[in-house]
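Input: a single structure, listed below in structure tokens.
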Amino acid sequence: MPQNESAEVDLDQAYAYPEQAAGRSYVRSNFVSSADGGAEVGGRSGPLGGDGDRQVFRTLRWLCDVVLVGAGTVRHENYGPVIVPPQRRELRVAAGLAAVPPVAVVTASATLDPAARLFDAEVRPVVLTCAAAPADRRAALAQVAEVVLCGDNTVEPAAALAALAERGLTRVLLEGGPTLHAQLAGAGLLDELCLTVAPLLAGPDRKTITMGDGWPEPARLRLIQVLTEDGSLFLRYQRA
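Start counting at 1 in the sequence shown, then tack on 303, and there's your number in this note's numbering.
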């Protein structure tokens with residue numbers, strides 16, 4: 304369990320959403336990075352995380368209304384549905400949340416396999432796409448997910464969040480990938496970053512937690528929490 308000044312902490316309390324997240328979209332991202340800024344090793348984020356990171360990962364999922372992710376990450380990481388054990392389901396329901404949060408996937412092209420493990424879920428995923436996506440792909444995905452149009456030629460980040468909020472999904476956990484992360488942060492729609500810094504150097508030519516087109520100016524953050532375990536740092540930032 305990650306610690307703060309040698310005292311074990313309650314992760315539910317440490318990562319509780321602010322009260323305003325119940326009434327409006329509040330976007331929290333969760334990433335792991337090496338000490339030199341790499342967001343992957345061998346194309347995957349898993350090798351960077353240890354037991355503490357996995358505990359934080361699960362806790363953040365169990366506290367959110369919806370897990371938001373880009374289609375590339377879904378394909379590359381072979382995403383499945385969110386797993387919530389029975390005791391956590393009871394806690395979620397008691398807190399006014401659905402027993403299991405859905406996964407929402409952003410894809411401008413609707414290039415997802417309807418037979419993928421993500422769609423073998425008790426809670427139907429949400430596919431956030433656009434009118435330019437081929438109609439046959441949208442129709443195929445509509446058999447296994449709720450398909451929502453959030454723009455004409457691309458998925459507009461603000462429209463995607465609005466569509467989720469209309470469904471009562473305001474506590475948004477963004478898990479990647481780096482391009483979607485950059486789009487939301489660059490548009491001023493990222494409220495919080497939870498970042499695990501692993502005690503290793505990943506080396507040159509790695510992806511970072513933001514990729515894509517440049518921004519006119521940095522997105523400023525303020526550090527609100529630091530936890531540690533086995534040399535890893537667990538940092539929590541909010542938008543400044």
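No residue lacks a Cβ here, since even glycine has one placed at the ideal position from N, Cα and C. Note that the structure is predicted; figures quoted are calculated from it, not measured.
Residue 483: member of the alpha helix (DSSP H) spanning 481 to 489, first to last residue. Among the bridge pairs identified by DSSP, residue 497 is matched with 333 and 539.
The beta-bridge partner set that DSSP reports for residue 407 consists of 371 and 429. Under the three-state reduction of DSSP, residue 446 is assigned to coil, being neither helix nor strand. When beta bridges are read from the DSSP output, residue 343 appears opposite no residue. Ranking 452, 442, 439 and 445 by CA distance to the CA of residue 433 puts 452 first. By DSSP's assignment, residue 459 forms no beta bridge with any residue. For residue 451, the pairing in a beta bridge is given by DSSP as 431. Relative to the Cα of residue 380, the nearest Cα in the group 419, 412, 501 and 440 belongs to 419. About 14 Å separates the Cβ atoms of residue 335 and residue 513, ruling out a contact at the 8 Å cut-off.
For residue 492, no pairing in a beta bridge is given by DSSP. It is roughly 7 Å from the alpha-carbon of residue 467 to the alpha-carbon of residue 473. The secondary-structure analysis by DSSP pairs residue 524 across a beta bridge with 542. The criterion of a C-beta distance shorter than 8 Å is satisfied by residue 372 and residue 406. When the five nearest sequence neighbours on each side are left out, the beta carbons in the same chain lying within less than 6 Å of the beta carbon of residue 384 are those of 424, in order along the chain.
Excluding the 5 residues flanking it on each side, residue 504 has same chain C-beta neighbours closer than 7 Å at 337, 338 and 339, in chain order. The way I'd put it, the segment 480 to 487 doesn't touch the segment 314 to 321; fewer than three beta-carbon pairs between them come closer than 8 Å. 8 Å or more divides the Cβ of residue 537 from the Cβ of residue 526.
Just so you know, the alpha carbons of residue 442 and residue 462 end up roughly 21 Å apart. In the structure shown, residue 472 adopts coil according to DSSP, grouped into three states.
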